[in-house]
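Asks: Residues 788 to 938 (the numbering used here) are what the sequence shown spells out, left to right. The C-beta atom is built at its ideal place from N, Cα and C for all residues, glycine as well. After the structure tokens below, expect a handful of questions from me.
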Amino acid sequence: MRRLLFLAALLPLLAACDSGTDEVSSVIITRAQVTSLSFDASDSNDQWDDFYLTFRVGGTDVRASTRDDAERVRSADLVYEFDFGSDIEIVDLERTLVVQAYNRESSRANDQLIGVTVPVSVQSIADAMPGSQELESADSEFRVRLSFEYD
């Protein structure tokens with residue numbers, strides 16, 4: 788009986804030790820929606836142009852769509868759902884995340900960087916655990932909404 792009382796007294800202490808939340812070990816980007824993008828489309832192609840996104844963590848590309856995967860859009864079409872293939876899992880939470888948009892030209896050397904988001908801490912995303920978050924450039928002309936899952 789004494790043992791049961793001792794165990795019963797320990798239960799509140801053990802419950803207090805568990806915060807009830809699991810620690811996030813990785814942030815997974817599942818979707819990207821471009822909500823604002825400024826680019827100069829030539830009049831010869833009726834205001835259509837090709838663009839692609841790159842995802843950089845700590846200065847290193849973690850996923851760059853190939854030039855062949857560039858999406859054909861016109862600025863009037865945005866919001867635009869961007870298909871970047873499979874999910875992007877980021878396990879190094881101490882780094883920063885940057886999304887870049889490129890306008891595809893006739894050759895890779897001529898591709899133009901048309902938007903760069905302000906770096907955001909991956910750890911801050913993991914701590915807040917939002918379902919989605921909008922990242923934007925310093926001038927607010929390029930905005931992308933990323934959807935997240937956590938592991």
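Tell me the DSSP bridge mates of leucine 840?
Replies: Paired residues: Ala888.
Asks: Rounded C-beta distance between asparagine 890 and phenylalanine 838? I'm assuming under 8 Å.
Replies: Confirmed, Cβ separation roughly 5 Å.
Asks: Do isoleucine 912 and serine 813 have their CB atoms nearer than 8 Å?
Replies: No.
Asks: For leucine 900, I'd like the list of residues in its chain whose CB is within less than 7 Å of its CB, leaving aside the five on either flank, ordered along the chain.
Replies: Result list for leucine 900: Gln887, Tyr889, in chain order.
Asks: Have a look at valine 907 and serine 825 and give me their C-alpha separation to the nearest angstrom.
Replies: Their backbone Cα atoms lie some 21 Å apart in a straight line.
Asks: Using only alpha-carbon positions, find the residue among Ser873, Trp835, Glu858 that is nearest to valine 849.
Replies: Nearest C-alpha to valine 849: Ser873.
Asks: Find the nearest neighbour of valine 905 within the set Leu880, Asp836, Glu858, Val844, judged by alpha-carbon distance.
Replies: Among Leu880, Asp836, Glu858, Val844, the Cα nearest to that of valine 905 belongs to Val844.
Asks: Return the residue from the list Asp870, Thr841, Thr822 that minimises the CA-CA distance to glutamine 920.
Replies: The residue with the shortest Cα to Cα distance from glutamine 920 is Thr822.
Asks: Which value, in whole angstroms, describes the spacing of the CA atoms of leucine 884 and aspartate 836?
Replies: In a straight line, the C-alpha of leucine 884 is about 26 Å away from that of aspartate 836.
Asks: Do you know offhand how far tyrosine 937's Cα is from threonine 847's?
Replies: Cα to Cα, the separation comes out at about 21 Å.
Asks: Using the Cβ count rule (16 or more neighbours within 10 Å means buried), how would you classify cysteine 804?
Replies: The predicted position of cysteine 804 is uncertain, since its pLDDT is 47 and thus under 50; a value taken from the coordinates is nonetheless stated next. Exposed, by the Cβ-count rule.
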